[in-house]
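Sequence lines, in order, name chains Y and X. Residue numbers for the first sequence follow the numbering used here, beginning at 57 and rising by one. Residue numbers for the second sequence follow the numbering used here, beginning at 423 and rising by one. Worksheet: the structure to be examined is printed underneath.
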Amino acid sequence: MRPIISIASTTLGEAIRRKVLLIILLIGILFLVIAPGLGVLSARSETTVLRGMLLGVIQLTSAVIAVVLTVYMIPNEIERRTIYTILSKPVQRWQFLVGKYLGAVLSLGLMMVLMTTVMAFTFYLQQRDFTAVPELVKAPVMYFVQMSLLAALAVFFSTFVAPLVNFFLSGGMYILGSLFNPFFQTLDQSPTTPIGAKVAAKLVNVILPNFANYNVQNPIINPGQSIANEGAYYFQVSIYGLFYIGILLVGGILVFDRREV
Amino acid sequence: MAAAIETTKLTKGYKSRIHGTVNVVDKLDLHVEEGEIFGFLGPNGAGKTTTIKMLLGIIYPTSGEGYVLGKEIGDMDVHRLISYVPERPYYYEYMTGMELLKFYGSLFGITDVKKFEALLEKVNLHRDASKTISQYSKGMQQRVGLAQSLLNDPKLLFLDEPTGGLDPIAHREIRDLILSFRDEGRTVFISSHELSEVELICDRVAIINRGVIERQGKLSDLLSGGRVEISAEGVPTQFISDMKINDANVRAIPGGVLLDMPEEADITAVIDAVRAQKGKLLSIVPRKKRLEDLFVETVRDKSVAPAAAKKTLTVESGDKP
Chain Y
57 MRPIISIAST TLGEAIRRKV LLIILLIGIL FLVIAPGLGV LSARSETTVL RGMLLGVIQL
117 TSAVIAVVLT VYMIPNEIER RTIYTILSKP VQRWQFLVGK YLGAVLSLGL MMVLMTTVMA
177 FTFYLQQRDF TAVPELVKAP VMYFVQMSLL AALAVFFSTF VAPLVNFFLS GGMYILGSLF
237 NPFFQTLDQS PTTPIGAKVA AKLVNVILPN FANYNVQNPI INPGQSIANE GAYYFQVSIY
297 GLFYIGILLV GGILVFDRRE V
Chain X
423 MAAAIETTKL TKGYKSRIHG TVNVVDKLDL HVEEGEIFGF LGPNGAGKTT TIKMLLGIIY
483 PTSGEGYVLG KEIGDMDVHR LISYVPERPY YYEYMTGMEL LKFYGSLFGI TDVKKFEALL
543 EKVNLHRDAS KTISQYSKGM QQRVGLAQSL LNDPKLLFLD EPTGGLDPIA HREIRDLILS
603 FRDEGRTVFI SSHELSEVEL ICDRVAIINR GVIERQGKLS DLLSGGRVEI SAEGVPTQFI
663 SDMKINDANV RAIPGGVLLD MPEEADITAV IDAVRAQKGK LLSIVPRKKR LEDLFVETVR
723 DKSVAPAAAK KTLTVESGDK P
C-alpha cells in the first residue's frame, strides 16, 4: 500500500504543477466567473441559463483536464526513465499503475473542488440564494465519478497506445458514451429494432462506458424535472462507475504487466 | 567468490517485419563476482541497456536464464538489495533533493530523515538539500541519483553511463563515489563509453558488440601484451630485421632505427645486439595496452570479419588470450 500512496502523492504533486493543466483550469474558472454576464445573451430564464452554463463549464473543463492529465502519464514516465528507478525498487507494476491512477483522480478531484467552489460563489453572488447551492453541487459530485471513469479509460489505453491516439480514443469514447449511449439503449430496448441492430446496440451498450449516467444536470437546471428515487440512482451509477473503473484498471494492469518499457 | 550476476545464454529478441526476429542480446554468458566493479562496455546499440533492463526485471528475456544475487531475475526480493541509476536520469524537478530521497525512501518504507541527510552529505549535496532538482546541475543530478540508489544499502548497484556528459570535476567526484562503493563491499555494474574512466576503476570488464559478448575477464589480463619501442643509432635496419623477432616492426627513423616489439620478446638480446654493433641505444619506451585499443580492436574486428569474431573470448587470471 505504501508504494501506491507515495506514487499517488508524487503524481498529484506533478499534476498541480503542470502548466498546461493550470491553464485549462484557469480558463475554466474564468468562464465560471464571467458566466453570469453571458447569461443575458439568452432568452431563457436567467437562473436556468446560469445553472446550465456553470455546470457545462465544469463538466467540459474537467473532461479536458482528465484526458490531458492521464494520456501522457505513463508514456512520460517511460520517456523520462523515471519508471526505471521506480520499478527497480520493490514496486510491482500494478502498484505503479494504480498509484498513478489514484494520483490522477486526486488531482482531478482537487481541481474540481476548486471549480465547484468558484461556481458556488458565482451562483450565490448572482442569485443571493444559498439554499439552491447544495442542489447545484450534486452535479459536480456525479461529474467527478464520470471523470474518474474517463481517467481510468485513458489510463487503460495509455498502457498500449501513443498519447495522441489515446487523446482521440478516450475523448471519442467519452463523447460517444455521453451522447449516444441513451440512443443505443433505446435501440436495444425497442421492439421494432431488427435483431441484428439490436445485438449490435446491446454490444455497444455493454462495452462502451455509459457516461450519460452522470449527466444529472437536467433536473438541477430545470426545476420542474426530477430523478425518481434520486439517492438510489446516485448510489447505483456510482457503483456502476466503480465497477467499470475496476475492470479498466485490471485490464490496464494485465497489459502493462506484459509490456516492455 | 560468489557470483553477484550470472547469466547463461540470456537472449532478448524483437520481432521485425523485415528481418524476422532480431536478437538484441544473444546468448549472453555473464559472470560478475561479488564486491567488484564490473565494466560493461560496448558501442551504441550493442545491447548494454537491454541487458541491464533484463537483469532488473524491467523487460523479459526471450530465452536463457539469469541470476542476480543468487535469485532468478525478476524476483521482487532482489529489488530490496539492488539499485539502479539510469543513463541521463530525470527526477521529478519540483522536488528538493531531500524530498526526492523521501519519495524513493518511501518505496522501501524508509522514513529516517537522518539517513537522508547522511546520504546527501555522502554525495556532497547536504548544503543543497533544499534546492529543487530543477536548480541542480547535471553533476548534482547524477549525485542525487547515486544518493537515492544507496537508500536501501544495496549489495549491487547498476550504473548506466554514470559519467556521461559530465565535466571533469564531476567525473572525478562520481568516480571517487563509485570507488567508495567498492570499499564498502558493494558490487558495482557499470555500463559505460568512458573507457579511460572504466580503465581506472574497474576490476573486470566485458565487451559486448551487436548483442554478443566478445571479451570478458580481468582488466589486467585483457590488457596484457603491451609493446616496447626501442630506438637506436649506428645500427643498420637490416641487422635488426635479421634478428627475426616475432610480431616486430622495424623502420628507419632520422639518425637511426625504431623497433616496435611485443613486451614479452627478449629485450636484453636486442640491447646486447646493439652494443655488439657499437651502436647507441637512444630510448626504450614500454607502451602499455590501453582499454581503448582493446575496445576498438574488438569492435572493429567484429565489423570487419563477423564470422571470425563470432567466438566469445574469455580471459581469466593466468589464462591469456
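Glycine included, each C-beta is placed from N, C-alpha and C at the ideal position. On a predicted model such as this, the values are computed, not experimentally measured, just so you know.
Please tell me whether residue i has its Cβ less than 8 Å away from any Cβ of chain X.
i                        : result
threonine 141 of chain Y : yes
threonine 66 of chain Y  : yes
glutamine 148 of chain Y : yes
arginine 184 of chain Y  : no
glycine 233 of chain Y   : no
proline 59 of chain Y    : yes
glycine 93 of chain Y    : no
threonine 138 of chain Y : yes
glutamate 316 of chain Y : yes
glycine 69 of chain Y    : yes
serine 118 of chain Y    : no
Mind checking who residue i pairs with in its DSSP beta bridge?
i                        : result
glycine 461 of chain X   : X:Ile612, X:Val627
glutamate 494 of chain X : X:Tyr489
threonine 172 of chain Y : According to DSSP, threonine 172 of chain Y bridges with nothing at all.
alanine 674 of chain X   : X:Val679
proline 830 of chain X   : Absent from the structure is residue 830 of chain X, since the part of chain X shown begins at 423 and ends at 743.
valine 507 of chain X    : X:Leu581
glutamate 655 of chain X : X:Lys702
threonine 554 of chain X : X:Thr518
By the DSSP assignment, the beta strand (DSSP E) with residue i in it spans what residues?
i                        : result
lysine 437 of chain X    : 425 to 438
glutamine 638 of chain X : 634 to 640
glycine 442 of chain X   : 442 to 455
When every heavy atom of the ligand HEM is checked, does at least one fall within less than 7 Å of the C-beta of residue i?
i                      : result
proline 684 of chain X : Looking for the ligand HEM in the displayed structure turns up nothing, as the structure carries no ligands at all.
Quick check on the DSSP output: the alpha helix (DSSP H) that includes residue i runs from which residue to which?
i                         : result
glutamate 191 of chain Y  : 189 to 214
valine 421 of chain X     : Residue 421 of chain X lies beyond the range of chain X shown here (423 to 743); nothing can be said about it.
threonine 66 of chain Y   : 58 to 71
arginine 315 of chain Y   : Premise fails: arginine 315 of chain Y is in no alpha helix (DSSP H) and is neither H nor E.
tyrosine 526 of chain X   : 519 to 528
serine 571 of chain X     : 560 to 571
arginine 597 of chain X   : 590 to 605
asparagine 261 of chain Y : 251 to 263
threonine 138 of chain Y  : 138 to 143
lysine 470 of chain X     : 470 to 478
Counting only beta-carbon atoms, is residue i nearer than 8 Å to chain Y?
i                        : result
proline 728 of chain X   : For proline 728 of chain X, the predicted structure reports a pLDDT of 44, less than 50, and the residue's modelled location is therefore unreliable. The matter cannot be settled from this model.
serine 505 of chain X    : yes
serine 438 of chain X    : no
alanine 426 of chain X   : no
proline 676 of chain X   : no
proline 743 of chain X   : The pLDDT assigned to proline 743 of chain X is 32, lower than 50, so where the model puts this residue is not dependable, and the model offers no usable value.
lysine 733 of chain X    : Model confidence at lysine 733 of chain X stands at a pLDDT of 41, short of 50, so the residue's coordinates are unreliable and nothing is read from them.
glycine 740 of chain X   : Confidence in glycine 740 of chain X is poor, its pLDDT being 37 and thus under 50, which makes the residue's placement unreliable; the coordinate value appears in the next sentence. Judged by the 8 Å Cβ criterion, glycine 740 of chain X is not in contact with chain Y.
glutamine 638 of chain X : no
glutamate 708 of chain X : What sits at residue 708 of chain X in the sequence shown is proline, not glutamate. No, its Cβ sits nowhere closer than 8 Å to a Cβ of chain Y.
threonine 433 of chain X : no
valine 737 of chain X    : Any reading at valine 737 of chain X must be qualified, since the residue scores a pLDDT of 41, below 50, and its modelled position is unreliable; no value is offered.
Is there a Cβ of chain C sitting closer than 8 Å to that of residue i, yes or no?
i                     : result
serine 214 of chain Y : Absent here is chain C; the protein component of the structure consists of chains Y and X.
Mind the definition here: the stretch 227 to 241 of chain Y touches the stretch 150 to 163 of chain Y only if three or more C-beta pairs lie below 8 Å; say whether that holds. no
Give the residues from the stretch 456 to 482 of chain X that approach chain Y closer than 7 Å (Cβ to any Cβ), ordered along the chain. Leu478, Ile480, Ile481
What are the residues of the stretch 526 to 537 of chain X that lie near chain Y, defined by any Cβ-Cβ distance shorter than 8 Å? Tyr526, Ser528, Leu529, Phe530, Gly531
Taking any Cβ of chain Y, which residues in the stretch 579 to 597 of chain X have a Cβ under 8 Å from it, in chain order? Phe580
Along the stretch 488 to 503 of chain X, what residues have a CB closer than 7 Å to any CB found in chain Y? Met498, His501, Arg502
Does the count of Cβ pairs from the stretch 284 to 292 of chain Y and the stretch 182 to 193 of chain Y closer than 8 Å reach three? no
Below 8 Å, can you find three or more Cβ-Cβ pairs linking the stretch 453 to 461 of chain X to the stretch 612 to 620 of chain X? yes
Please name the residues in the stretch 537 to 564 of chain X whose beta-carbon is closer than 7 Å to at least one beta-carbon of chain Y, in chain order. none
Given 8 Å, three or more beta-carbon pairs between the stretch 489 to 497 of chain X and the stretch 518 to 529 of chain X: Flag = no, the stretch 489 to 497 of chain X and the stretch 518 to 529 of chain X do not touch.
How about the stretch 536 to 546 of chain X and the stretch 583 to 590 of chain X: do they share at least three Cβ pairs that are nearer than 8 Å? With a cut-off of 8 Å, the stretch 583 to 590 of chain X and the stretch 536 to 546 of chain X do not count as touching, because too few Cβ pairs lie within range.
Any chance the stretch 174 to 185 of chain Y sits against the stretch 270 to 284 of chain Y, with 3 or more Cβ pairs inside 8 Å? Flag = no, the stretch 174 to 185 of chain Y and the stretch 270 to 284 of chain Y do not touch.
Is the stretch 152 to 166 of chain Y in contact with the stretch 206 to 213 of chain Y, if contact means three or more CB pairs nearer than 8 Å? Because the criterion of three Cβ pairs below 8 Å is met, the stretch 152 to 166 of chain Y and the stretch 206 to 213 of chain Y touch.
Count Cβ pairs between the stretch 598 to 618 of chain X and the stretch 633 to 647 of chain X that sit closer than 8 Å; are there 3 or more? Segments in contact, no.
Could you run through the stretch 679 to 700 of chain X and flag, in chain order, every residue whose CB is less than 8 Å away from some CB of chain Y? none
Just checking, does the stretch 118 to 125 of chain Y make contact with the stretch 76 to 94 of chain Y on the three C-beta pairs under 8 Å criterion? Yes, since at least three Cβ pairs between the stretch 118 to 125 of chain Y and the stretch 76 to 94 of chain Y fall closer than 8 Å, the two stretches touch.
Quick one: any contact between the stretch 129 to 141 of chain Y and the stretch 505 to 519 of chain X, if contact means 3 or more CB pairs under 8 Å? yes
Are the stretch 557 to 572 of chain X and the stretch 472 to 482 of chain X touching, with three or more C-beta to C-beta distances below 8 Å? no
Residues of the stretch 143 to 176 of chain Y with a CB closer than 8 Å to any CB of chain X: list them in chain order, please. Leu143, Ser144, Lys145, Pro146, Val147, Gln148
Does the stretch 678 to 697 of chain X come close enough to the stretch 657 to 666 of chain X that 3 or more CB-CB pairs lie under 8 Å? yes
Touching or not, the stretch 433 to 452 of chain X and the stretch 292 to 308 of chain Y, by the rule of three or more beta carbon pairs under 8 Å? With the cut-off at 8 Å, the stretch 433 to 452 of chain X and the stretch 292 to 308 of chain Y do not touch.
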